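Residue numbers (full-length UniProt numbering): 65 to 812.
Virtual Cβ for every residue (Gly too), placed ideally from N, Cα, C.
Keep in mind the model is a prediction, meaning the values are calculated, not measured.
First comes the structure, then the notes that go with it.
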Ligand code: ATP
Ligand code: MG
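So, in structure tokens, the structure goes:
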């Protein structure tokens, strides 16, 4: 009874209490969405601190995003006070950067190393492909980048890979060669790419027993949220830090996750880590949580129904005592514009009718490109909204240029960024000069910066080129001395002025350059914010924050009052009172790419499960009968995931073009049905598309007539029933794939 009055255990169910109180062996908390995994992890830390079982300095907690980390710190501070500050609560990447900054020397690196993002890394790989004289059409830098990333996630170094690549296999040889060069170049540039952050930390701890022992002595409590999305490198990192391979583990390890929410296989994550936890840690205690506190029963039942179609999973049934709630609402729109309008109209209506603000609404879609239509409708309505992700601010050219200067100031050896700004703005250092200096660097195995210092030794370089190089070196040296001890925003401003970058944009008449100036002003504002939040913050710290920021960190707080638009992947771990899951069409979601692979379909289904379970009170499912991709309208059948939700759970407020009168007419011959919508009908379609209730049955070889395309011959028929798709050759009108349920065709 004394226990239950404890504020840290207040309101928790018995399983949750057990998870908070457990001590003495590894702990695995497996549970479905919204069952309080993150809540329990947070309370567990607070409980261990308050009971004196842990000191803040002994806690290492890993979250999936920086934002989640920040929220966890705030929550724990609320519960136990500011003592919580000494904890390490961060993403895997941030924790590793922290370790690497301290221990860089042991790896032969300097602690001011740069972190290369995907774009930087691709640039460097492209250079490596060129230097290795490989055919970049056959061995595309992008695919090499993907494979190198995969190897790093599996802890395979360039050297390891060179040893195992088959001599007779040209593609393996090419990969080995590029990987080796890329690793060398990263090292010379004193840079790590994203995957290195984890892999190199694992190697560091493996290679230096004293360093590993240090961290093991420090971190006595290691906790990992979203464990189902860890990759092999992250798994090894946790094992090493927890001393799992020692006779006695050195830390109490707690991992929480849900195999049904594993959605990052494409980045090397493996559910194996959660599924086999009990084998890896035989003394582990496993606690299941089954009560969901987030959603209504209708929402949960819909989510349960969809995920139950995946094979090879442990069946678990989430339940809630919060009642059935409102039914899930389904909506079939004619087009993506109509779908977006439905979203906006619904938000408008709910805001009027219920106690909700814009910040309570989230709109999810499978891919970023789908946000366009929703944004257009939101702009027209004047509703406040925020698109999370998409073309990221930090990936814009002018922002990358400005940051490149800052990176070069912080780390002179940063090759990629130095070469990026060498002639930006133009200062007569041409491609040929760059190539000759690059060749010198390669020959001498020195950094590009060191080669610039010795430019006069570069064979073939004209003495005329030396002037601009020397002026550039003076410029960078000046900037570096300005930077000494100055706040980041001041450093940035002096870069923009002294380099002439801003002047060049101001002088331009290109309207795009005007918005570039605005974006740079925004970057200055970001730097000022950073200065306010971190009065003693250094340039290195600012750059690190920028490098490690991710889409999910831009999610607005609900109080800001903006409708949030994001991809399903970004929605992980979040919750909203009202959720719209849009684009539920086969080919959109599940994604076209996944349709032919059962493993990929299973992953898409988990993504659907994640999306459905974000909703607290009200869930809307929508699809568009036609959607424009690459400027072409495509007719996509309903998502198979819709078919997996029992009819009793979904209230179809609009069934698309098949309205009641149309349904009656549908018994008439298809041709007249198709016409009954009338030209220029609602939705702005010249030929309004009406589903044919009875699917016109055709076979290969049949002749058909189509309202718009004219006469054609059926080449192939696939699918059955509502999902029948016919490929028809319409001669000069081209070959079309038609969903027979909707196509205005008549068999001749
Ligand atoms: P996900 O799988 O989506 O990451 P989760 O399992 O981490 O979800 P939480 O986010 O921790 O779940 O909790 C979901 C919601 O339920 C939150 O709003 C949380 O505050 C609430 N919640 C958790 N446990 C309880 C409880 N015992 N009583 C009341 N509310 C709770
Ligand atoms: Mg969670």
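Assumed close pair residue 800, residue 766 - CB separation to whole angstroms, cut-off 8 Å: Indexing the chain shown from 1 puts residue 800 at position 736. Indexing the chain shown from 1 puts residue 766 at position 702. Residue 800 to residue 766, Cβ: 15 Å. No contact.
Using C-beta distances below 7 Å, list every residue in its chain close to residue 591, excluding the 5 sequence neighbours before and after it, in chain order. On the chain shown, position 527 is the one that residue 591 refers to. Counting only Cβ-Cβ distances below 7 Å, and skipping sequence neighbours, we find 552, 553, 556, 606.
Which of helix, strand or coil DSSP assigns to residue 263: Taking the first residue of the chain shown as position 1, residue 263 is located at position 199. Three-state DSSP puts residue 263 in a helix.
Within 8 Å, do at least three Cβ pairs link the region 185-193 to the region 614-621? no
Can you tell me whether residue 289 sits near ligand 2, meaning its C-beta is under 7 Å from at least one heavy atom of the ligand? Residue mapping note: residue 289 aligns to position 225 of the chain shown, counting from 1. Residue 289 Cβ: within cutoff of ligand 2.
Please report the straight-line C-alpha distance between residue 439 and residue 635, rounded to a whole angstrom. For the purposes of this step, residue 439 is taken as residue 375 along the chain shown, with counting starting at 1. For the purposes of this step, residue 635 is taken as residue 571 along the chain shown, with counting starting at 1. Looking at the two C-alpha atoms, the distance is approximately 18 Å.
Who sits around ligand 3, taking every residue whose Cβ is closer than 5 Å to one of its heavy atoms? By its list of ligands, the structure shown excludes ligand 3, since it contains just ligand 1 and ligand 2.
Can you list, in chain order, the residues of its chain with a C-beta nearer than 6 Å to that of residue 671? Leave out the 5 residues immediately preceding and following it. Residue numbering aside, residue 671 sits at position 607 when the chain shown is read from its first letter. Hits under 6 Å: 327, 632.
Simplified DSSP assignment, three categories, for residue 271: Taking the chain shown and counting its residues from 1, the one referred to as residue 271 is at position 207. Three-state DSSP puts residue 271 in a helix.
Residue 492 versus residue 529 - alpha carbon distance: What you label residue 492 is simply residue 428 of the chain shown in a count that begins at 1. What you label residue 529 is simply residue 465 of the chain shown in a count that begins at 1. Whole-angstrom Cα-Cα distance: 8 Å.
Among 611, 647, 526, 318, whose alpha-carbon lies nearest the alpha-carbon of residue 351? Position 287 of the chain shown holds residue 351. Looking at the Cα atoms, 318 is the closest of the given residues.
Buried versus exposed call for residue 465 [16 or more other C-beta atoms within 10 Å across all chains shown]: One-based indexing of the chain shown puts residue 465 at position 401. Residue 465 comes out buried.
To the nearest whole angstrom, what separates the beta carbons of residue 360 and residue 386, a pair I think is in contact under 8 Å? Taking the first residue of the chain shown as position 1, residue 360 is located at position 296. Taking the first residue of the chain shown as position 1, residue 386 is located at position 322. That belief holds up - the Cβ atoms of residue 360 and residue 386 are roughly 6 Å apart, short of 8 Å.
Bridge partners for residue 352 per DSSP, in chain order? Position 288 of the chain shown, counting from 1, holds the residue named residue 352. Answer by DSSP bridge pairing, in chain order: 94.
Give me the Cβ distance between residue 325 and residue 292, rounded to the nearest whole Å; I'm assuming they're in contact under 8 Å. Start at 1 with the first residue of the chain shown, and residue 325 comes out as number 261. Start at 1 with the first residue of the chain shown, and residue 292 comes out as number 228. That pair is a contact at about 6 Å.
Does residue 194 get closer than 8 Å to chain C when you measure Cβ to Cβ? Looking at the structure shown, chain C is missing, and only one protein chain is on hand.
Given a cut-off of 8 Å on the beta-carbon distance, is the pair residue 256 and residue 364 in contact? Taking the chain shown and counting its residues from 1, one reaches residue 256 at position 192. Taking the chain shown and counting its residues from 1, one reaches residue 364 at position 300. The answer is no: Cβ separation not under 8 Å.
Near residue 314, what residues of its chain come up, given a Cβ to Cβ distance below 6 Å and the 5 sequence neighbours on each side ignored? Translated into positions along the chain shown, residue 314 becomes position 250. Correct list, in chain order: 280, 307.
Residue range of the alpha helix (DSSP H) that includes residue 782: By one-based count along the chain shown, residue 782 stands at place 718. Unbroken run through residue 782 is the beta strand (DSSP E), 774-782; no alpha helix (DSSP H).
Which residue spans inside the region 601-674 form an unbroken alpha helix (DSSP H) run of at least 4? 603-612
Assuming residue 647 contacts residue 132 (C-beta within less than 8 Å), just tell me the rounded distance between them. Numbered from its first residue, the chain shown carries residue 647 at position 583. Numbered from its first residue, the chain shown carries residue 132 at position 68. The pair is not a contact, with the Cβ atoms about 26 Å apart (cut-off 8 Å).
At a cut of 8 Å, does the region 103-117 reach the region 74-86 through at least three beta carbon pairs? yes
Between residue 344 and the rest of its own chain, which residues show a CB-CB distance below 6 Å, the 5 nearest in sequence each way excluded? Residue 344 sits at position 280 when you count from the first residue of the chain shown. Hits under 6 Å: none found.
Between which two residues does the alpha helix (DSSP H) containing residue 469 stretch? Position 405 of the chain shown, counting from 1, holds the residue named residue 469. From DSSP, the alpha helix (DSSP H) with residue 469 extends over 461-474.
Measure the alpha-carbon distance for residue 558 versus residue 501 and round it to whole angstroms. The residue you call residue 558 lines up with position 494 of the chain shown. The residue you call residue 501 lines up with position 437 of the chain shown. Answer to the nearest angstrom: the Cα atoms are 27 Å apart.
Look at the alpha carbon of residue 197 and the alpha carbon of residue 227, and state the distance between them as a whole number of angstroms. By 1-based counting over the chain shown, the position of residue 197 is 133. By 1-based counting over the chain shown, the position of residue 227 is 163. C-alpha separation (whole angstroms): 21 Å.
Using the Cβ count rule (16 or more neighbours within 10 Å means buried), how would you classify residue 675? Along the chain shown, read from residue 1 onward, the residue named residue 675 stands at position 611. Answer is buried; the Cβ neighbour count reaches 16.
Between residue 70 and residue 108, what straight-line distance do the alpha-carbon atoms span, to the nearest angstrom? To locate residue 70, count along the chain shown from 1; it is residue 6. To locate residue 108, count along the chain shown from 1; it is residue 44. In a straight line, the C-alpha of residue 70 is about 13 Å away from that of residue 108.
For residue 580, collect the residues of the same chain with a Cβ closer than 6 Å to its Cβ; drop the 5 residues on either side in sequence, then sort them by chain order. If you number the chain shown from 1, residue 580 lands on position 516. Excluding positions up to five away in sequence, the list reads 462, 569.
In whole angstroms, what is the alpha-carbon distance linking residue 414 and residue 759? Position 350 of the chain shown, counting from 1, holds the residue named residue 414. Position 695 of the chain shown, counting from 1, holds the residue named residue 759. Distance between the alpha carbons of residue 414 and residue 759 is about 37 Å.
Using a threshold of 8 Å, state whether the C-beta atoms of residue 718 and residue 649 are closer than that. Here residue 718 corresponds to residue number 654 of the chain shown, with the count starting at 1. Here residue 649 corresponds to residue number 585 of the chain shown, with the count starting at 1. Not a contact, by the Cβ cut-off of 8 Å.
Reference residue 258; option with closest CA among 804, 611, 684: Position 194 of the chain shown holds residue 258. Of the candidates 804, 611, 684, the one whose C-alpha sits nearest the C-alpha of residue 258 is 611.
Start and end residues, alpha helix (DSSP H) containing residue 207: As a working note, residue 207 is residue 143 in the chain shown. Its alpha helix (DSSP H) spans residues 205-217.
Among 210, 565, 72, which one has its Cα closest to the Cα of residue 145? Within the chain shown, numbered from 1, the residue matching residue 145 stands at position 81. Looking at the Cα atoms, 72 is the closest of the given residues.
With DSSP as the reference, label residue 761 as helix, strand or coil. For the purposes of this step, residue 761 is taken as residue 697 along the chain shown, with counting starting at 1. The answer is coil: DSSP assigns residue 761 none of H, G, I, E or B.
Assumed close pair residue 698, residue 654 - CB separation to whole angstroms, cut-off 8 Å: If you number the chain shown from 1, residue 698 lands on position 634. If you number the chain shown from 1, residue 654 lands on position 590. Contact doesn't hold; Cβ gap of about 15 Å is too wide.
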